[in-house]
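Take a look at the structure set out below.
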Amino acid sequence: MSLSKEKAVQVIETKIAGPLKLGNARAAWGIHETANEDVARAFRVHAAGRGFDYRQSAMIAFGGSGPIHALRIARKLKIPRVIFPIGAGVMSAFGLLVSPNSFEVIKAEKVLLNQLNAGALTERLNQLVNQASQFLLEAGVAHDSIGIRLRLDMRYQGQGHEIEVPLPQIKDIAHIFNELPRLFADHYARVFSISFLKQPIEIVNWKVEASGPAPPMSERGFFLDSFIAATEVDKDFIKGTRNVYFPDRDGFIECPIYDRYKLGPGVVIKGPALIEENESTCVIGLGDLVHVDAGHNLIADVTAD
Numbered sequence: 001m002s003l004s005k006e007k008a009v010q011v012i013e014t015k016i017a018g019p020l021k022l023g024n025a026r027a028a029w030g031i032h033e034t035a036n037e038d039v040a041r042a043f044r045v046h047a048a049g050r051g052f053d054y055r056q057s058a059m060i061a062f063g064g065s066g067p068i069h070a071l072r073i074a075r076k077l078k079i080p081r082v083i084f085p086i087g088a089g090v091m092s093a094f095g096l097l098v099s100p101n102s103f104e105v106i107k108a109e110k111v112l113l114n115q116l117n118a119g120a121l122t123e124r125l126n127q128l129v130n131q132a133s134q135f136l137l138e139a140g141v142a143h144d145s146i147g148i149r150l151r152l153d154m155r156y157q158g159q160g161h162e163i164e165v166p167l168p169q170i171k172d173i174a175h176i177f178n179e180l181p182r183l184f185a186d187h188y189a190r191v192f193s194i195s196f197l198k199q200p201i202e203i204v205n206w207k208v209e210a211s212g213p214a215p216p217m218s219e220r221g222f223f224l225d226s227f228i229a230a231t232e233v234d235k236d237f238i239k240g241t242r243n244v245y246f247p248d249r250d251g252f253i254e255c256p257i258y259d260r261y262k263l264g265p266g267v268v269i270k271g272p273a274l275i276e277e278n279e280s281t282c283v284i285g286l287g288d289l290v291h292v293d294a295g296h297n298l299i300a301d302v303t304a305d
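So for the sequence shown, the UniProt record's numbering puts the first residue at 1; every next one is plus one.
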């Protein structure tokens, strides 16, 4: 698909910049920033529902445009670090190639724990285990190579929202039954900082995931062959400059363009900068600091506003 910068400018000028009496660059930035805020807002809602404090974690940027937006979104969410893995622009396709065969069976059935016994729990889960495993057996995965993960969506009776509770990796499912109230209470307290041991508990969804072994990979992997033997002292990794709009300066800044495939472990880059690879471009903001780790991943530390 061919892109036309001229037509893009024309549409922005006609539909947005003109009616709002803005410059084209400022109007285009408004589009970009709206996308950033939409992602950040969805992130906040999702994290709040899981009781997860993302400010203590790192963000992984992936997708064709993910590395373009990542640092701006991280700054909005006060996430201190962003990781740009090798091949970030095609991570989903790469994951498909290196992930093990797997199949998940989910059964929706609401059952109160006090209406179950160890035998009934074992029977229900074993039925799902057999269903999930059968798909892998038909795909040629050896029975002894199949791994099983058991999870239950559970809640207190009457609640409208459930939490997922992973079950221990033991062969005798019956032994799990007596531990279910404690397992649920522990996970509930982890999310909501409180639990109610005497309240009736119900299972909403029964989940079984069967997976085979990961496919073999070469020692260097799919992407490392694209990298030269770059070192920290190499200076041939800047391939040009480009003017980039930054709202912090309300204008354009001439930024160096780095060839990612020539960045060796130990290289440090201070923003603003662009780091290009075949599938995407990493936009490094003003003052952000990036270093290349031993696996050729880009590790960006976000500056505080």
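The beta carbon of each residue, even a glycine, is placed where N, CA and C say it ideally should be. The model shown is predicted, which means the values in this text are computed figures rather than measured ones.
On the DSSP letters alone, give me the boundaries of the beta strand (DSSP E) that residue i sits inside.
i, result
"N243", "I238 to F246"
"V141", "First-last for V141: undefined, no H or E at that position."
"G66", "Careful: G66 lies outside any beta strand (DSSP E), inside the alpha helix (DSSP H) at G66 to L77."
Which residue from the options puts its Cα closest to that of residue i?
i, options, result
"T303", "E6, P67 and I73", "I73"
"Q115", "Y188, P200 and H46", "P200"
"P215", "A8, G87, L22 and G140", "G140"
"E33", "G51, A48, I60 and R75", "R75"
"F196", "S145, P168 and Q159", "Q159"
"G119", "R190, D38 and N178", "N178"
"E164", "Q10, R249, V98 and A189", "A189"
Could you check the C-alpha separation between residue i and residue j for me, to the nearest Å?
i, j, result
"D153", "N205", "5 Å"
"G63", "V283", "13 Å"
"T231", "N278", "Reliability of the predicted coordinates at T231 is poor, the pLDDT of 49 falling under 50, and no value is obtained from them."
"S193", "Y156", "15 Å"
"F246", "G95", "33 Å"
"K110", "R260", "52 Å"
"P67", "L22", "27 Å"
"I106", "I60", "28 Å"
"E38", "A142", "Inspection of the sequence shows that residue 38 is occupied by Asp rather than by Glu. Straight-line Cα distance between these residues: approximately 45 Å."
"Q56", "E6", "42 Å"
"G13", "N24", "Position check: residue 13 holds Glu in this sequence, whereas Gly was assumed. C-alpha separation (whole angstroms): 6 Å."
Which same chain residues end up closer than 6 Å to residue i when comparing Cβ atoms and leaving out the 5 residues on each side of it in sequence?
i, result
"E254", "T241 and N243"
"T122", "I173 and A174"
With distances taken between CB atoms, is the gap from residue i to residue j smaller than 8 Å?
i, j, result
"G212", "N130", "no"
"A300", "L77", "no"
"G264", "V292", "yes"
"E276", "E104", "no"
"K239", "R151", "no"
"E202", "L112", "yes"
"L289", "V268", "yes"
Comparing the C-beta of residue i with each C-beta of chain C, is any distance below 8 Å?
i, result
"A185", "No chain C is part of this structure, which consists of one protein chain only."
By Cβ distance below 7 Å, which residues in the same chain neighbour residue i in space, the five residues on each side in sequence not counted?
i, result
"D236", "K262"
Once you ignore the five residues that flank residue i on each side, which residues in its own chain have a CB closer than 8 Å to its CB?
i, result
"S92", "F62 and G63"
"Q145", "Looking at the sequence shown, residue 145 is not Gln but Ser. Counting only Cβ-Cβ distances below 8 Å, and skipping sequence neighbours, we find G212 and P213."
"N36", "H69, R72, I73 and K76"
"G287", "K270, G271 and T303"
For residue i, report the span of its alpha helix (DSSP H) as first-last.
i, result
"D172", "No alpha helix (DSSP H) contains D172, which DSSP labels as neither H nor E."
"S92", "M91 to V98"
"N178", "Careful: N178 lies outside any alpha helix (DSSP H) and carries neither H nor E."
"F43", "N24 to R50"
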